[in-house]
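Trainee: So the sequences go chain by chain: A and B. In this text, residue positions in the first sequence follow numbering that gives the first Met the number 0: the first is 0, and each later residue adds one. In this text, residue positions in the second sequence follow numbering that gives the first Met the number 0: the first is 0, and each later residue adds one. From the three backbone atoms N, C-alpha and C, an ideal C-beta is built for every residue, glycine too.
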Amino acid sequence: MEPTLPLPVPQPNADSLPYWNAARERKLLIRKCNACNELHFMPRHLCPHCWSDRLEWVEARGTGTVHSFTVMRRASHPAFGPLTPYVVALIELDEGPRMVTNVLGDDALSVQIGDRVEVTFETRGEGAMLPQFQRTGEAAR
Amino acid sequence: MKTPHSLKNKVAIVGVGESDIGRVPTMTGLGLNAQAARRALDETGLKPSDIDGVLTAYSFTEPYFMLGSVMCEYLGIKPRFSASISSGGGSPAIMLKHAAEAIASGQAETVLICAGENRATGQSREAALAALLAVGHPYFEQPYGTSIPGFYAMIAQRHMHVCGTTREQMAHVAVNTRSHALLHPNAHMKKPVTLQEVLDAKPIADPLGMLDCCLISDAGGAFIVTSAERARDLKSRPVYLQGIGEYHTHEHLMCAPSLTEFGATESGRIAYEMAQLGPQDMDLAELYDCFSIVPIIELEELGFVKPGEGGAFFAAGHARIGGKLPINTHGGMLSHAHAGAAGGLFGIVEAVRQLRGGLGDRQVKDAEVALVHNEGGILSSHCTVILANERG
Chain A
0 MEPTLPLPVP QPNADSLPYW NAARERKLLI RKCNACNELH FMPRHLCPHC
50 WSDRLEWVEA RGTGTVHSFT VMRRASHPAF GPLTPYVVAL IELDEGPRMV
100 TNVLGDDALS VQIGDRVEVT FETRGEGAML PQFQRTGEAA R
Chain B
0 MKTPHSLKNK VAIVGVGESD IGRVPTMTGL GLNAQAARRA LDETGLKPSD
50 IDGVLTAYSF TEPYFMLGSV MCEYLGIKPR FSASISSGGG SPAIMLKHAA
100 EAIASGQAET VLICAGENRA TGQSREAALA ALLAVGHPYF EQPYGTSIPG
150 FYAMIAQRHM HVCGTTREQM AHVAVNTRSH ALLHPNAHMK KPVTLQEVLD
200 AKPIADPLGM LDCCLISDAG GAFIVTSAER ARDLKSRPVY LQGIGEYHTH
250 EHLMCAPSLT EFGATESGRI AYEMAQLGPQ DMDLAELYDC FSIVPIIELE
300 ELGFVKPGEG GAFFAAGHAR IGGKLPINTH GGMLSHAHAG AAGGLFGIVE
350 AVRQLRGGLG DRQVKDAEVA LVHNEGGILS SHCTVILANE RG
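(1) Just reading off the alpha helix (DSSP H) that B:Leu66 is part of, what are its end residues?
(2) For B:Lys1, tell me which candidate among B:Gly244, B:Ser123, B:Ser81 has the shortest Cα-Cα distance.
(3) So is B:Lys46 buried or exposed if we call it buried at 16+ other beta carbons inside 10 Å?
(4) Once DSSP output is grouped into helix, strand and coil, what is the label at A:Arg53?
(5) Cβ closer than 9 Å: which chain B residues qualify as neighbours of A:Ser15?
(6) Give me whichever residues DSSP pairs with A:Thr83 in a beta bridge.
(7) Using the beta-carbon of each residue, which ones in chain A are nearer than 8 Å to B:Arg319?
(8) Does DSSP classify B:Tyr239 as helix, strand or coil?
(9) Does A:Leu129 come out as helix, strand or coil in the three-state DSSP assignment?
(10) Just verifying my parser: in three-state terms, what is the DSSP assignment at A:Lys26?
(11) Have a look at A:Leu28 and A:Met98 and give me their C-alpha separation to the nearest angstrom.
(12) 8 Å is my cut-off, CB to CB: does B:Arg166 come that close to chain A?
(13) At 7 Å on the CB atoms, spell out the chain A contacts of B:Thr145, in chain order.
(14) Please confirm whether A:Asn12 has its beta-carbon closer than 8 Å to some beta-carbon of chain B.
(15) Tell me the rounded alpha-carbon separation between B:Ala318 and B:Ile326.
(16) Spatial neighbours of A:Glu1 within its chain, please: C-beta separation below 7 Å, excluding the five flanking residues on both sides.
(17) Tell me the rounded alpha-carbon separation between B:Thr120 and B:Asp19.
(18) Who are the Cβ neighbours of B:Asn8 in its own chain at under 8 Å, not counting the five residues just before and after it?
(19) With distances taken between CB atoms, is the gap from B:Gly262 to B:His247 smaller than 8 Å?
(20) Step through the CB atoms of chain A and report whether any lies within less than 8 Å of the CB of B:Ala92.
(21) Taking 7 Å as the line, does the beta carbon of B:His183 fall inside it for any heavy atom of the ligand MN?
(22) Which residues, in chain order, does the region 51-74 of chain A contribute to contact with chain B at a C-beta distance below 8 Å?
(23) Taking the C-alpha atoms as reference points, what is the distance between B:Met273 and A:Asn12?
(24) Compare the beta carbon distance of B:Thr43 and B:Leu233 with 8 Å and say whether it is the shorter of the two.
(25) Short of 7 Å Cβ to Cβ, which residues in the region 250-281 of chain B face chain A?
(26) Per DSSP, what kind of secondary structure is B:Lys364 in: helix, strand or coil?
(27) Which whole-angstrom value is the C-beta distance of B:Phe222 and B:Val348, which I expect to be below 8 Å?
(28) Residues of chain A with a CB under 8 Å from the CB of B:Gln241: which are they?
(29) Looking at the structure shown, is B:Asp211 part of a helix, part of a strand, or coil, going by DSSP?
(30) With 8 Å as the threshold, decide whether the Cβ of B:Gln34 is near any Cβ in chain A.
(31) Please go through the same chain and pick out, in chain order, the residues whose beta-carbon is closer than 8 Å to the beta-carbon of B:Pro256, but skip the five residues on each side of it.
(32) Any Cβ of chain A within less than 8 Å of the Cβ of B:Ala200?
(33) Pull up the DSSP beta-bridge partners for B:Asp217, would you.
(34) Closest to B:Leu182 by CA distance: which of B:Ala369, B:Cys71, B:Gln353, B:Thr383 is it?
(35) In the DSSP assignment, what are the bridge partners of B:Ala204?
Here it is in structure tokens:
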């Protein structure tokens, strides 16, 4: 058994600092463009739809649907080794943008495309919190 | 949108080369590139000093700054046209496009394109895994333990959900390419594999198992591009560029516009339009196959079959040499070789060889026109190439 390594801690930068600060308060933020009203997830200096820099942070409802997922049998990094098998999923937020997270919870391995999920927050050292999702409802099986 | 200036029949590939492939601990990555370049040049009868353009890609195992210049320096070439292109697996076809544009506009006459790395022996197992697995957005994907196989697994899962593609159909892709690799004297994999062995292989990221994933090889590949006029005077049989197109939609999976529609449809459309040909005119296809789901998607996007029919095409054996459309006749990245950008480059090498003819059991009968598709990232950067011999 390899020694347990710490899981990666979120690394804020100038684009994402408000996102990670909000996560510490258990809030999931996304970006809204006040010129074209489009929403996007990965924070940027300008809107990827219209290039306006009139952007604001808005709090997402924190609910969404599993767009796709995989059960990771082989860890990408030794720190994740003890967690295998674990679920990585592409979550479609109810607002539209998609984000990659894990699906956590005792029933995570039975996740299916279309399952309803809600945000939760995982502590990752130094007070940092990582947005994660857990299942709240099943897609029609 | 403006139609690109046509490159049809402006340039030809006149030399192709592969390095020794597999585990080659006696050579560096640059050495593998040089060996492949020399073999490609030897086919043409040209001298190293005839090369006035050099394009290469990137290297994980030998991550030099300015790899293009480093490659020229290593080869002793002083070109008037050089760059290193970092578009992942899409790089080789994109480099061909840049070379063709440079030759067509007179900026270069004879361009060497090479890529490859010593991925199998040039780095520790840990470093290899770290490089291959710990990809993804550094701030928004990697903290979740993502991996390249994991991203493609999510694409496969979605394709299965939306299109009805099955795990067995994907396994057929791996079996198909392995059967072709056994006909190639330089392929990394030498033993046959059964459908059941693919299905039972060590699981990596559901639904992908080890044999759904590309190899980790020491390998370099190279080809020489020159003008169609000059190609006629060389000792090798030229293969002419008919059409080429690229399209880029995203880099990270979280930003992909769709998990079932990618950029190959548009890169293919541009290439077909330039070539004035369609999928029905292709005698074979060399499709990027970093994971078994990928050629299924490309087959659909490039118009060979309808959406959702790619998996059944492979399962029915239509992609075998002798079938309706032989695919990855060298064994692809699943069974011939994969070493960085060399993986997709070998698809170009193989298409050229098929169009020249004389490959024995591996030869696609009467091959005149071939399609090659490269993609990089997570089905992010696409480039489609159509090549033909003088009959095509």
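Mentor: By the coordinates alone:
(1) For B:Leu66, the enclosing alpha helix (DSSP H) has its first and last residue at 66-74.
(2) For B:Lys1, the nearest C-alpha among the options comes from B:Gly244.
(3) With fewer than 16 other Cβ atoms within 10 Å, it is exposed.
(4) Correct three-state label for A:Arg53: coil.
(5) Neighbours of A:Ser15 on chain B, chain order: Tyr138, Phe139.
(6) Residue pairing by DSSP leaves A:Thr83 without any beta bridge partner.
(7) Per Cβ cutoff of 8 Å: no residues; B:Arg319 is ~29 Å from chain A at best.
(8) In the three-state reduction of the DSSP assignment, B:Tyr239 falls in the strand class.
(9) Three-state DSSP puts A:Leu129 in a strand.
(10) In the three-state reduction of the DSSP assignment, A:Lys26 falls in the coil class, being assigned neither a helical nor a strand state.
(11) Approximately 12 Å between the Cα atoms of the pair.
(12) Against chain A, the CB of B:Arg166 has no partner CB under 8 Å away; the residue lies outside that interface.
(13) Near B:Thr145 (Cβ distances below 7 Å), the residues of chain A are Ser75, Val87, Val99.
(14) Among the CB atoms of chain B, one or more fall inside 8 Å of the CB of A:Asn12.
(15) If I take the Cα positions, the gap works out to 5 Å.
(16) Note that A:Glu1 scores 49 on pLDDT, short of 50, meaning its location in the model is unreliable; the coordinates nonetheless yield the value given after this. Excluding five sequence positions before and after A:Glu1, the CB atoms of its chain that fall closer than 7 Å to its own CB belong to Pro77, Gly80, given in chain order.
(17) Cα atoms of B:Thr120 and B:Asp19: separation of roughly 13 Å, rounded to the nearest angstrom.
(18) Annotation for B:Asn8: Ala227, Tyr239, Leu240, Gln241 place their beta carbon closer than 8 Å to its own, counting only its chain and skipping 5 residues before and after.
(19) Closer than 8 Å, so yes.
(20) So, not an interface residue.
(21) As for the ligand MN, it is missing from this structure, which has no ligand bound.
(22) His66, Ser67, Phe68, Thr69, Val70, Met71, Arg72, Arg73, Ala74: these are the residues of the region 51-74 of chain A whose beta carbon lies less than 8 Å from some beta carbon of chain B, given in chain order.
(23) Their backbone Cα atoms lie some 44 Å apart in a straight line.
(24) Yes, the Cβ-Cβ distance between B:Thr43 and B:Leu233 is below 8 Å.
(25) Of all residues in the region 250-281 of chain B, Leu252, Met253, Cys254, Leu258 have a Cβ within less than 7 Å of some Cβ in chain A.
(26) B:Lys364: coil per DSSP, three-state reduction.
(27) A Cβ-Cβ distance of about 6 Å is found for the pair B:Phe222 and B:Val348, placing them in contact under the 8 Å criterion.
(28) Close partners of B:Gln241 in chain A (Cβ separation under 8 Å) are lacking, with about 35 Å as the shortest Cβ gap.
(29) B:Asp211 carries a helical assignment under DSSP once its states are collapsed to helix, strand and coil.
(30) No - not a single Cβ of chain A is within 8 Å of the one on B:Gln34.
(31) The residues are Thr248, His249.
(32) With respect to chain A, the C-beta atom of B:Ala200 has no partner C-beta closer than 8 Å.
(33) In DSSP, B:Asp217 forms a bridge with B:Gly21, B:Asn117.
(34) B:Leu182 has its Cα closest to that of B:Gln353, out of B:Ala369, B:Cys71, B:Gln353, B:Thr383.
(35) B:Ala204 is bridged to A:Met71, B:Leu207.
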